[in-house]
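First comes the structure, then the notes that go with it.
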Amino acid sequence: LITSKDFAFGVLHGRTTGGGTAINWMTCLRPPRFTLEEWERAEGIPGVAGSGLQKVIDEVWVRLGVNTQEAVMTPTSEVLRRGCEALGYKLGIDFHVTPKNARGCGNRCDYCSFGCVYSARQSTLTTYLPDAQSAGAKFLFDTEARSLLLKDGAVAGVDAVHRKDGKEIPVRVKARVVVLAAGAIQTPAILLRSGIRDPGVGHGLRFDPTTAVGGVYDQPIRMWAGVPQTLHIDRWLTLNGNHGFWLETVPAHPGLMAVGLPWRGGREHKESLRLYPRIAANIILVRDRSAGRVTVDRQGHPVIDYAMVRGDRDTMARGIVESARIHAAAGAKSVWSLHTRPCEIPTREGTIRPAEVDAFADEVARLGIRPNALALFTAHAMGSVPMGESERRPTQPTGELRGVRNLFIGDGSVLPSAVGVNPMITIMAMARRTADFVIQALRLQER
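In terms of the numbering used here, the sequence shown opens at residue 1217 and continues consecutively.
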């Protein structure tokens, strides 16, 4: 967990073998067609809206073993389902069972967010990395890439440090081709530390800005238990053209819950955590138009600047209200947002009335979506070295960085805009697409 420069956003990312795929919530969603059409039409990335990329997505889907059989309904998912059905939303149209990249999970533990001890999670740690090892790849663990070696307009290798027994040992790897895939925060930081001054590097950062709404129920929920995030709602995804929001359940463990709750003093924080076993929460994710930036400080550490534009703030406010409406319909006894100042439908006997939800909506509008007045997160940083045909885009449609031959970007940094769904499948498909161009570059050097 790191934060934006103004501390408004907590930025969650995986820092382990397998990256985010090893510890995320295994939500596998295909990119919306309108997003791919946008990338092909507006950004000049050929073939992404047609069958070519769809075949790559299918390949990734199969390699990860994506299915809905492992999406076992948990109490927190049942709350979401109950609320949706009470409001007349239709399964398969308005809300959906969420495909998971798991095999043989059996709902047998509650610690998916900490890595899978059974290897049921089909992350890159259990799929693509073993594939690479079988093909001869070697791995350097406890090793951090610091900068790139550049020579005559081309990449020549990587400078890194290996940590052992509290010491840092310099490591230099020489290479004809380098694929940089350190994530949308660290990838631009490495480029900037390497002296690459393309003005587009670091710009275009997207977040899928996220907040949550919680509800307290009579019955135990234990939202940390079972397969995470097995239902999602996308009926508002095109609320404003091709921009809107979607909702997902939250499989929050105590640490994440404690971080996410607004701080209003020790006594109130303790009381909120006392209710934790009976809380269900939904997250609101916005397909953002907002674009942030990654720079580096004097020590070379990444600095994140990101501010939500008004349209995205309005979309998030709508999402908070719709989430509260679902909680009320599901039978919650109280509902609250993550605003620092109390914004809630207080505990009462019986059901929450529509007028109380309307009053909650008025309070959300009054408080607004402001930095450090509402807990905001992202686990979907992307787009900081965006791909496109234009010279303004630092990454070419092949995945090769402009101005540096044989340096390819293989992570979510290249996405030209927010996907509109959880981006893991899209990122992996775009990386697989780039791999074909990496092979071409290697073959050209062998001639």
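Just so it is clear, CB atoms sit at the ideal spot from N, CA and C, and this is done for glycine as well.
Under the DSSP assignment, L1345 falls in the alpha helix (DSSP H) whose first and last residues are Y1344 to S1350. Note: P1386 is bridge-paired with V1377 in the DSSP secondary-structure output. Within the same chain, Cβ atoms closer than 7 Å to the Cβ of F1223 are found at N1588, the five residues on either side in sequence being excluded.
Residue pairing by DSSP places S1550 opposite V1432 in a beta bridge.
In the same chain as T1642, and ignoring 5 residues on each side of it, the C-beta atoms closer than 6 Å to its own belong to P1247 and V1635, in chain order. S1329 places its beta carbon less than 7 Å from that of I1239.
Sequence-distant partners of W1452 (beyond 5 residues in either direction) whose C-beta falls short of 6 Å from its own C-beta, in its chain, are G1460 and F1461. At the C-beta level, H1596 and G1399 stay beyond 7 Å of one another. Boundaries of the beta strand (DSSP E) around I1495: I1495 to V1502. Non-local C-beta neighbours of I1625 in its own chain, meaning closer than 7 Å and more than five positions away in sequence, comprise L1396, T1403, V1601, T1611, G1615 and L1617, ordered along the chain.
Rounded to whole angstroms, G1308 and Q1661 show a C-alpha spacing of 49 Å.
Judged by beta-carbon spacing, A1302 lies beyond the 7 Å limit of R1319, meaning their Cβ atoms are not closer than that value.
If you draw a straight line from the Cα of R1392 to the Cα of L1623, it is about 9 Å long.
Pairwise C-beta distances place the region 1530–1541 in contact with the region 1576–1588, as three or more of them are shorter than 8 Å.
For G1482, the three-state secondary structure derived from DSSP is helix. The alpha-carbon of V1313 is positioned some 21 Å away from that of D1424. Counting only the Cα atoms, G1457 lies some 28 Å from W1277. In this structure, T1427 sits near L1554, with a CB-CB distance shorter than 7 Å. Cβ-Cβ separation between I1500 and V1432: approximately 18 Å, too far for a contact (criterion under 8 Å). Taking all protein chains in view, the Cβ of Y1334 is surrounded by fewer than 16 other Cβ atoms within 10 Å, so the residue is classified as exposed. Residue environment analysis places K1367 among the exposed positions, since fewer than 16 neighbouring C-beta atoms fall within 10 angstroms of its C-beta.
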